[in-house]
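> Chains as they are written, first to last, in the working numbering: chain D, 1 to 201; chain E, 1001 to 1313.
Cβ coordinates follow ideal geometry from the N, Cα and C atoms, glycine included.
As the structure is a computational prediction, the values presented were derived from the model and not from experiment.
1. What's the gap between the Cα of residue 67 of chain D and the Cα of residue 1074 of chain E?
2. Within this structure, are the beta carbons of residue 1289 of chain E and residue 1267 of chain E separated by less than 8 Å?
3. Within 10 angstroms of the Cβ of residue 38 of chain D, are there 16 or more other Cβ atoms? Answer buried if so, exposed if not.
4. Residue range of the alpha helix (DSSP H) that residue 1305 of chain E falls in?
5. Using only alpha-carbon positions, find the residue among D:200, D:20, D:87, D:45 that is nearest to residue 59 of chain D.
6. Suppose the cutoff is 7 Å on Cβ atoms and the five residues either side in sequence are ignored; what does the same chain contact list for residue 27 of chain D look like?
7. Can you tell me where the alpha helix (DSSP H) with residue 190 of chain D in it begins and where it stops?
8. Can you tell me the Cα-Cα spacing of residue 1025 of chain E and residue 1008 of chain E, whole angstroms?
9. For chain E, find out if any of its Cβ atoms is closer than 8 Å to the Cβ of residue 154 of chain D; answer yes or no.
10. Report the residues of the stretch 175-200 of chain D with a CB closer than 7 Å to any CB of chain E, ordered along the chain.
11. Go through its chain and collect everything with a Cβ distance to residue 1022 of chain E's Cβ below 7 Å, but skip five positions before and after it.
12. Could you name the residues that DSSP lists as bridge partners for residue 1255 of chain E?
13. Is residue 146 of chain D buried or exposed, if buried means 16 or more other CB atoms sit within 10 Å of its CB?
14. Identify, in the order they occur along the chain, each residue of the same chain with its Cβ nearer than 7 Å to the Cβ of residue 169 of chain D, setting aside the five sequence neighbours on each side.
15. Count the other C-beta atoms from every protein chain shown that fall within 10 angstroms of the C-beta of residue 214 of chain D, then say buried if there are 16 or more, exposed otherwise.
16. Using DSSP with H/G/I as helix, E/B as strand and the rest coil, what is residue 1158 of chain E?
17. Please name the residue, chosen from D:64, D:84, D:93, D:22, that lies closest to residue 41 of chain D on a Cα-to-Cα basis.
18. In chain E, which residues lie with their C-beta within 7 Å of the C-beta of residue 225 of chain D?
19. Around the C-beta of residue 1003 of chain E, are 16 or more other C-beta atoms found within 10 angstroms, so that it is buried, or is it exposed?
20. Which of helix, strand or coil does DSSP assign to residue 17 of chain D?
21. Just to confirm the assignment, what range does the alpha helix (DSSP H) spanning residue 26 of chain D have?
22. Is there a Cβ from chain E that is less than 8 Å from the Cβ of residue 20 of chain D?
23. Start and end of the beta strand (DSSP E) containing residue 1225 of chain E?
24. Interface residues of chain E around residue 167 of chain D at Cβ under 7 Å?
25. Is residue 1017 of chain E close to chain D? Criterion is C-beta to C-beta, closer than 8 Å.
26. What does DSSP give as the partner residues of residue 135 of chain D in its beta bridges?
27. Name the two residues that bound the continuous alpha helix (DSSP H) containing residue 1020 of chain E.
28. Less than 8 Å separating the beta-carbons of residue 35 of chain D and residue 1059 of chain E?
29. Can you grab the Cα-Cα spacing for the pair residue 1092 of chain E / residue 1100 of chain E, in whole Å?
30. Does residue 135 of chain D come within less than 8 Å of chain E when only Cβ atoms are used?
31. So residue 1238 of chain E packs on residue 1262 of chain E, CB below 8 Å; how close in whole Å?
32. Can you grab the Cα-Cα spacing for the pair residue 1001 of chain E / residue 154 of chain D, in whole Å?
33. Decide if the stretch 48-58 of chain D is in contact with the stretch 1107-1116 of chain E; the criterion is three or more beta carbon pairs, one per stretch, under 8 Å apart.
34. Can you tell me which of the three DSSP states residue 1016 of chain E falls into?
35. I'd like to know if residue 1081 of chain E contacts chain D, where contact means its C-beta is closer than 8 Å to some C-beta of that chain.
36. By the criterion of Cβ-Cβ separation under 8 Å, what are the contact partners of residue 1098 of chain E in chain D?
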């Protein structure tokens, strides 16, 4: 928590500089937030390269709109919210596209069995049967992928990234109560999926 | 508590967001129920797996690529700003001069318009008495310096009509030296002055200003049409004629009831003349005096004299 407060103050300092036209100040913010942002995007989309694209797009969008950023809110919250939105939309695009184009071998994990399936996200028993051969990490990501986006996002932000309910609430623009109930459902969803994939946890 | 109830609340229980009462119930149940105990353990494990997911590292080139794009974005913005403000140095004095001209022009027009504003207020009070002369002035709104006082109400149309010609002729030479831009502004600047019915007058003025200049002086006379209608019942006929005139879209209708006759005057569209004539004939014997109307000339002054005749024996 101490670190976060520090970060927040330090962020604002650089944001102010950016708003005045200091481009180098923006680099500080980029280096500070890129890793966390990448991980959020990666867990949402499930593809490393796409996630890198999202990070770039997010920073550019943030820079373009930095004049409009009101320093009352937390910069990181605003920044990650952009990332989540872009990633969510990108995933939707990818799913529809892949659904039309069919499967490709080159694409990394999108579902528990490592193949890209189009909409709707598959819960086919046959796919899950093959989960056992895969690495646990991949399986976990696969299970996360099966979740609908609103549940996926909260479990990533809470259990992977460790944001507070308050922060998640700001990022997703939903009440804290909603965040909690979504989290519970997400966790149970992952639990059920993993049980089927691994057997005994 | 039953298994199903406990199962539903396991996540909340784990997160410690159940009420103390519920917590106690669940604790109690868990001690006895193996299945639910296992479910809880599974839940804990699943969350652990999620939390233990490894973080990925951003590629080294990512920050550099981002900054390259940001810098080109910043450069683009800078160029646009410069392009907006560099010509400012040249434009500014020009714009200042233009502004001064406009301001001076506006003041001039405003001063010229002021007496007209006073005149415009009159119609509401003296409608019956002197609408005709005021109509004439309303219609013209001359931007010249000399402001005529409205002639006495008893003035005949001929006099008024002459004055109109005068003012129009006067207006033309003064109008000519004005720059075309200023002239357009007269049309435009007049409306904010808050004239009664100024928009329609404006249009008349503007179009008449356009039309007036190329025409010869003689053609600018307003047509005056004179009808004499012989009737037996003066009052009824007068009312009927008034009604007709109104129906035909007559403006500034006035009625002068005299001893054995009545005079109804109005401004009508010249295209309605034939219709007026036909309808008057239904009322009584009509005689036409005055110059024949040229169609499409715009408005004409119509004067209908209603004369009482004694019934035939």
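Taking the structure as given:
1. 12 Å
2. no
3. buried
4. It is not in any alpha helix (DSSP H) - residue 1305 of chain E instead sits in the beta strand (DSSP E) that spans 1299-1308.
5. D:87
6. none
7. 176-198
8. 13 Å
9. no
10. 180, 184, 187, 188, 190, 191, 194, 195
11. 1009
12. E:1264
13. buried
14. 175, 176, 179
15. There is simply no residue 214 of chain D to check, as chain D begins at 1 and stops at 201 in what is shown.
16. Here residue 1158 of chain E scores only 49 on pLDDT, less than 50, and its place in the model should not be relied on; the value that follows carries that caveat. Three-state DSSP puts residue 1158 of chain E in a helix.
17. D:84
18. Residue 225 of chain D lies beyond the stretch modelled for chain D, which goes from 1 to 201, so this question has no answer here.
19. exposed
20. helix
21. 23-45
22. no
23. 1223-1231
24. Residues of chain E passing the Cβ test: none, with the nearest at roughly 16 Å.
25. yes
26. Its beta-bridge partners do not exist; DSSP assigns none.
27. 1020-1032
28. no
29. 12 Å
30. no
31. 4 Å
32. 29 Å
33. no
34. coil
35. no
36. Ordered by position in chain D, no residue passes the 8 Å Cβ test against residue 1098 of chain E, which lies about 32 Å from the chain.
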